[in-house]
């Protein structure tokens, strides 16, 4: 079947660099100089205009020619700038500026600074996972053809161990955060621009198809691929959000944020080398004034203390973290009264988890969900606000959502024919947020991007009202729901685990067939039994409660923590 977005048609895209749409819109000139970043550990902060000034300095440091004191990086020189870092915060010394943008001992989230500096000079950057093993890093660097790297201090030894093998000079390795002897840091480069008064390079004009960044995705199968995302893709994804916001505003006026300065506050912990975190904190972050309380990575106990302490109003979750929150012993004592908006993405959220999370926050809290992938820039489906689109949208549970503005979709059977309503098939989507393709991978491009359609590889069905329902992972020709398997493991009467994620791995009867594998985190009772005992018990339990084709033929692995990157 063919479907078109229920939302109004998209307006024309503003021309030029995506950075301008994020941070140089005319209305932003009248914004107050609000706090944009807070370090919860120290309470230090960075102002909005301080961030803008720092991005200008950073872009100048990266893009100014070497003879004038910069690095001289540019797309014309075929440069691709790799970044490998966590969501860490950087101390910035006291700086006196004309508009007093900086304050004494402020700190800044330099990952965001870096991303926008690269956008400004229109030099592509490659987002490298901070969880990379040596083998994964080597693959990523070869694939991206990065010409230089900005790396957190803690990852420098790992990077130096592989750069010779991938043809990157060690002299082209710079420090993103921290200090390494003999290596220049990003902060030092920015300070040098300020001290020397190097002329601002400005924002470079670009076309819609100009490459903005590379992000790594396995797509529908195989090793990670370098997804080529353009400036046009980024802008389209932002305007999609604007269209949705305009429709919501017709039926809903949110209450004023319960914060000291009246500015919404977001708890920010998603890794920014992942599409979800990148767009949440680097791009969508600046559609309205908002303060981000930054965490290097997720910590449930710390987050539960931060939410009331900093009056957090907005949180973006993944389903497994929702599970951790609702099951944490400190949750019943946590004050969630400031929260007015929750979003959940990266994987399907079971209705029961949504209901339990909703019960923790004030009545009327907006709860949105979505589906997307790097190949669609970020999102393709959204759980809509009830009552929008002339009352067409009603409150529903157990659905993934409807198409984002400006998008089309098809649900296709294995034989290439159109599926009927309520019949599972592969989701194909089309829109200006579908990326340029994979870098240097003709075979994967041929399979995934066909006549403008993105073949997602994910199983969906659509009801007669146009709502999409997620259902993926095919084993021996049959659809298997990872969620169903996860729920069975979590329902063990002895509650041996506190978290689990299930995904397909190689091991089927053919090279492209996947089999289910589970990664579990032990509960206190599970720790008492021991890892081997838990695995044996869960093997027995799930085989008793699931059909044979749903069994975990890929095995069960006990892990200490699940990484947000993989939806866990």
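Residue numbers (UniProt numbering): 1 to 568.
Where is the CB? At the ideal position from N, CA and C, for every residue including glycine.
Here the structure is a predicted model, which is why all the values come from computation and not from measurement.
Neighbourhood of residue 306 by C-beta distance below 8 Å, restricted to the same chain and skipping five residues each side: 40, 267, 293, 295, 312
Residue 554: first and last residue of the uninterrupted alpha helix (DSSP H) it sits in: Looking at the DSSP string, residue 554 is not in any alpha helix (DSSP H), and its letter there is neither H nor E.
Cα-Cα separation, residue 257 to residue 287: 16 Å
Residue 341 beta carbon less than 9 Å from that of residue 366: yes
Check whether residue 344 and residue 318 have beta carbons under 9 Å apart: yes
Residue 134 in three-state terms, based on DSSP: helix
CB-CB length for residue 497 against residue 530, believed under 8 Å: Contact doesn't hold; Cβ gap of about 13 Å is too wide.
Status (buried if at least 16 other CB within 10 Å, exposed otherwise) for residue 133: exposed
Closest Cα partner of residue 85 within the set 73, 60, 114: 114
At least three beta-carbon pairs within less than 8 Å, the segment 222-234 to the segment 196-210: yes
Rounded Cβ spacing between residue 409 and residue 429 (contact assumed at less than 8 Å): 5 Å
Nearest residue (CA-CA) to residue 249, options 387, 329, 399: 387
Beta carbon of residue 23 nearer than 9 Å to that of residue 235: no
Member of 539, 58, 382, 196 whose CA lies at the smallest distance from the CA of residue 550: 539
9 Å Cβ cutoff met for residue 155 and residue 130: yes
Euclidean distance between Cα positions of residue 72 and residue 78: 12 Å
Straight-line gap, residue 484 to residue 371 (C-alpha atoms, nearest Å): 18 Å
Status (buried if at least 16 other CB within 10 Å, exposed otherwise) for residue 433: buried
DSSP state of residue 298 mapped onto helix, strand, coil: coil
Any 3 or more C-beta pairs closer than 8 Å across the segment 453-461 and the segment 416-427: yes
Counterpart residues of residue 505 in DSSP-defined beta bridges: 515
8 Å contact criterion, which residue 186 and residue 203 should meet: CB distance rounded: With a Cβ gap of about 19 Å, residue 186 and residue 203 do not count as contacting.
Contact set for residue 334: own chain, Cβ-Cβ below 6 Å, skip 5 residues either direction: 304
Residue 237, enclosing alpha helix (DSSP H) - first and last residue: 231-249
Sheet register partners of residue 426 (DSSP bridge): 412, 459
Inter-residue Cα distance where the pair is residue 468 and residue 462: 5 Å
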